[in-house]
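Notes follow the structure.
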Amino acid sequence: MLFATAACGGPVAGEASPAGGSGVEVSASPVPSSVAPGGTPRTLDDADPCGLLTDEEVERASGPLDGGGVRDDLGTARSCVYRTEGRLLAIDVRTNVGLAGASTTGPVTDFRVGDHDAKSWVGSDGSCFLVLGVSSSSRVDIALKANLDEDPCPFARELAALLEPRLP
């Protein structure tokens, strides 16, 4: 299935999938105390990965949700997993490794999303990984596995454009 750990700071063999049944269903949450006026978190330390996008934004970019985002932390990542029409999306908040620490496979595209440097690549299973650098030691990862007959990266880029203005 998914892939969220492939965008981690260390090498990963094979495919990872979210741990079944361990997540807690979460809907849009109130603004955390680390959020500055205007809604931008001052740091990622307290950012809720399920609060970085609304369910409506996820649906606009990738189709109707099968439930809301589910919090499913994995390793050092605070993670939110969404399931939509044959697509699987994970948003990971990492505060222990920056953009330079992203383990990539295949050709990498470097670009900017708003004020943040980013990298993207397609994994061996066809998943699109997009990593937004926030600081030298923090980042947000977007991993999207789409239907077999479609390119997942346009969806991941659209989600990154929606999420980016909410990053410090």
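Under full-length UniProt numbering, the first residue of the sequence shown carries the number 1, and numbering increases by one thereafter. Each residue gets a CB set at the ideal place from its N, CA and C atoms; glycine is no exception. Just so it is clear, the structure is predicted and the values come from calculations on it, not from any experiment.
Query	Result
Looking only at its own chain, which residues have a Cβ that is under 8 Å from the Cβ of S79, when we skip the five neighbours before and after it?	A4, P18, P49, R71, D72, D73, A90, I91, D92, V93
Mind checking which residues open and close the alpha helix (DSSP H) that includes V58?	55 to 62
Excluding the five sequence neighbours on either side, which residues of its own chain have a C-beta within less than 7 Å of the C-beta of G86, listed in chain order?	N147
Give the list of continuous beta strand (DSSP E) stretches no shorter than 3 residues that lie fully inside the region 72 to 152.	78 to 84, 87 to 94, 109 to 113, 116 to 122, 128 to 135, 138 to 145
For E56, which option in K145, T84, D151 has the closest C-alpha, if you only look at C-alpha atoms?	T84
Between T95 and L132, how many whole angstroms is the CB-CB distance? I'm expecting something under 8 Å.	Going by Cβ atoms, the distance from T95 to L132 rounds to 13 Å, so no, they are not a contact pair.
Which residue wins for smallest C-alpha separation from S103, given the options S120, E158, H116, D115?	S120
Is L65 helix, strand or coil when you go by DSSP?	strand
Tell me the rounded alpha-carbon separation between L99 and G69.	24 Å
Ignore the nearest five residues each way along the sequence and tell me which others in Y82's own chain have a CB closer than 7 Å to its CB.	V58, L65, G69, L89
With C-beta atoms as the reference, is H116 less than 8 Å away from V134?	yes
Should S124 and T109 be called a contact, given that it needs their Cβ atoms to be closer than 8 Å?	no
Using a threshold of 8 Å, state whether the C-beta atoms of A118 and A160 are closer than that.	yes
With 16 other CB atoms within 10 Å as the buried threshold, where does S136 fall?	exposed
Among R112, V122, V113, which residue has its Cα nearest to the Cα of P152?	V122
If you compare alpha carbons, which of F155, G101, D149 is closest to G63?	F155
Just mark F111 as buried or exposed, buried being the case when its beta carbon has 16 or more other beta carbons within 10 Å.	exposed
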